[in-house]
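In my numbering, the protein residues as written are 103 to 593. Glycine is no exception: its CB is placed at the ideal position from the N, C-alpha and C atoms. Model, not experiment: these values are computed from the prediction. Notes to accompany the following structure.
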Amino acid sequence: MSTRYHLDDLGWYRFEQLVQAALKAELGIGVESWGERRDHGRDAYCNQSLRFPSKHIVQDGPFIFQVKFVENANASGARSEEAIYRAAEVECSRIRERQDADEWEEPSHYTLLTNAPLSASLRDKLQKKFQESFPSTNFHSLGGNDVCDILDEHPNLRRAFPELLSLRDLDELLSGVVDRENLERSKSAIEAAHDVLPVFVPTEAYSKAWSILHKHHFAVLEGPPEMGKSSIAWMVALTQITNGWQAIVCDSPEDIFRHPASSTPRIFIADDAFGRTEYDPTRGSKWETQLDRVFRRLDSKHWLVWTSRKHILERACRQMDLQGKASSFPNPAAILVNAGNLTVREKSLMLYRHAKAAALETEAKALVKEHAKTLIRDPHFTPERIRRLVKERLPSLARDFTTGVLTQERVYSEILDAIRNPTERMRKSFRMLDPAYKWLLISLLETGHLPKLEEVRSAYELRCPTDIQKPFQELVSDLSEAFIKVQQSQW
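In structure tokens:
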């Protein structure tokens, strides 16, 4: 029987982090997070007194909390009891080794936490095993359902661990905490978030966006296409929906103005570039001219997340400054979040979550493991390209490799092609561009690798028919970050 949150989908690393955060929320900041390397058998530790295991009785420390994650522990036919008991036996042996090496302080309480279900008989067996080995230590065990109980008590964990929203039936969760009117008004945002939920990874940009929204009520997400700007916006919105907010999807500032000021908290989501269909380089100008009015509508109960580009924000600020309206507007750097700077750890988690969500066959999983480092280190890595590779290409590549149709070298080449070639969405966006933009991009290709801006200008003015030409610098600004990247020369 599965738990109400699908804890198995987290993987060992995120499950350990979740348990550590849940213990801090439940027992206080005195609980230290250890884990990962050289934890000496302690994933969380507290040397002080705690109200644990009963909230009504203070117990003396030290307390040790050990996390044991079992793959697919709640799957149909899973034999997780055997895995948990074997893990307990191994842990007891390791503790004895640490005692012999003077690396173990006998705790007053030792708690085993796992994603696996714990039956009454298994709890008794675990209790007996630990008490035989360490009679002076009080042993406690918390299974998957116990962890879910803690999560239900601390809904704020959804912000730090937005995966929780995908680990439980979303409709069931929303219907239990959100009134019908808010659900109806937030319908578009919820639908947009559905595809993101199973694969979302909370990045540093995601955390920074939250901090900025709490301080300024306005965050601008910038960065190259397909790097997760919109995903961050949808997950922030969905989290706020579970907190009783309305989430309003905006195509223009008028969508904000048509909602009169009220006590109902609202988060507005505006995607000025790609939107939900194609790239429109002029979309940002609608917001640029109205940014002062928009900002005056924001407060602690009314937020705006805008996926845009840095130069549009800066241009709007210069315009406000000329009009004497910029005094209350924050410095652009204070509200900008670059979603394009992904760490190796974040990329690894993205690859893992996409592979997990795709329910790959054994052969495809093997390809993910074999080529993981190549994918993660490739400069063309984007979450969208990983999604496309895992969902659309890996199953057929694994099948063809297993049957001998493809060699190992050919599989490697196909994987590189999948991660480095533009997605269909980018192709459609190019086809929808105004001809002047296309001619600029063609001119860029014609001038070779890393050309100077003036070289591209000359090529553009030479090739683009004069009757459709647009100002060169305007085109460069509009395509910046979406199709091109302008770097300052170091010479």
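#1: Roughly how many whole angstroms lie between the Cα atoms of residue 319 and residue 415?
#2: Enumerate in chain order the residues of its own chain whose CB-to-CB distance from residue 322 is below 6 angstroms, with the five nearest sequence positions on each side excluded.
#3: When DSSP builds the beta bridges, which residues end up paired with residue 152?
#4: Assuming residue 352 is part of the beta strand (DSSP E), what are its boundary residues?
#5: From 132, 122 and 568, pick the residue whose C-alpha is nearest to that of residue 611; which is it?
#6: Can you look up residue 295 in the DSSP assignment and give me helix, strand or coil?
#7: Which value, in whole angstroms, describes the spacing of the CA atoms of residue 390 and residue 315?
#8: Whole angstroms are fine: how far does the CA of residue 328 sit from the CA of residue 486?
#9: Classify residue 139 as helix, strand or coil using the three-state DSSP reduction.
#10: Give the DSSP-derived three-state secondary structure of residue 478 in the structure shown.
#11: Measure how close the beta-carbons of residue 348 and residue 368 come, nearest whole angstrom, since I'm counting them as under 8 angstroms.
#12: Within 10 angstroms of the Cβ of residue 219, are there 16 or more other Cβ atoms? Answer buried if so, exposed if not.
#13: Give a yes or no on whether the C-beta atoms belonging to residue 247 and residue 117 are separated by under 8 angstroms.
#14: Expressed to the nearest angstrom, what Euclidean distance is found between the alpha-carbon atoms of residue 326 and residue 538?
#15: For residue 495, collect the residues of the same chain with a Cβ closer than 6 angstroms to its Cβ; drop the 5 residues on either side in sequence, then sort them by chain order.
#16: In whole angstroms, what separates the C-alpha of residue 339 from that of residue 371?
#17: Could you check what DSSP says for residue 145 in three-state terms: helix, strand or coil?
#18: Tell me which residues share the same chain as residue 582 and place their Cβ nearer than 7 angstroms to its Cβ, disregarding the 5 neighbours each side in the sequence.
#19: By DSSP, does residue 216 sit in helix, in strand, or in coil?
#20: Sort 291, 285 and 305 by Cα distance to residue 263 and report the nearest one.
#21: Residue 243 lies in the beta strand (DSSP E); which residues open and close that run?
#22: Between the beta-carbon of residue 500 and the beta-carbon of residue 463, is there less than 8 angstroms?
#23: For the candidate residues 459, 454 and 287, whose alpha-carbon lies nearest to that of residue 475?
#24: Can you tell me whether residue 110 is buried or exposed, with buried defined as 16 or more other CB within 10 angstroms of its CB?
#25: Spell out a yes or no on whether the region 556-563 and the region 529-548 are touching, meaning 3 or more CB-CB pairs, one atom from each, closer than 8 angstroms.
#26: Give the secondary structure of residue 170 by DSSP, where H, G and I count as helix, E and B as strand, and everything else as coil.
#27: In the DSSP assignment, find the unbroken beta strand (DSSP E) run with residue 605 in it and report its ends.
#28: In chain order, what residues of the same chain have a beta carbon less than 6 angstroms from the beta carbon of residue 492, not counting five sequence neighbours either side?
#29: Whole angstroms are fine: how far does the CA of residue 528 sit from the CA of residue 482?
#30: Across which residues does DSSP place residue 320 in a beta bridge pair?
#31: Less than 8 angstroms between the beta carbons of residue 256 and residue 128, yes or no?
#32: When we look at the beta-carbon of residue 301 and count the other beta-carbons within 10 Å, is it buried (16 or more) or exposed?
#33: Mind listing, in chain order, the continuous alpha helix (DSSP H) runs of no fewer than 4 residues lying wholly within the region 481-539?
#34: Return helix, strand or coil for residue 472, following the three-state DSSP convention.
#35: Under 6 angstroms Cβ to Cβ from residue 261, same chain only, skipping five residues before and after it: list those, please.
According to the structure shown:
#1: One alpha carbon belongs to residue 319, the other to residue 415, and they sit about 15 angstroms apart.
#2: Excluding sequence neighbours, residue 322 sits near 408, 410, 415, 437 and 438.
#3: 161
#4: 348-352
#5: Because the chain here runs from 103 to 593, residue 611 falls outside it and cannot be looked at.
#6: helix
#7: 19 angstroms
#8: 5 angstroms
#9: Here residue 139 scores only 46 on pLDDT, less than 50, and its place in the model is too uncertain to base an answer on.
#10: It is helical.
#11: Cβ-Cβ separation between residue 348 and residue 368: approximately 5 angstroms, consistent with a contact (criterion under 8 angstroms).
#12: Under this definition residue 219 is a buried residue.
#13: no
#14: Just so you know, the alpha carbons of residue 326 and residue 538 end up roughly 21 angstroms apart.
#15: 520
#16: 8 angstroms
#17: coil
#18: 411, 413 and 588
#19: Three-state result, residue 216: strand.
#20: 305
#21: Looking at the DSSP string, the run of the beta strand (DSSP E) that includes residue 243 is 240-244.
#22: yes
#23: 454
#24: Buried is the call here.
#25: yes
#26: strand
#27: The structure shown has nothing for residue 605, since the chain only spans 103 to 593.
#28: 456, 457 and 460
#29: Note on geometry: alpha-carbon atoms of residue 482 and residue 528 lie some 14 angstroms from one another.
#30: 406
#31: yes
#32: buried
#33: 485-490, 496-504, 510-522 and 526-534
#34: helix
#35: 341
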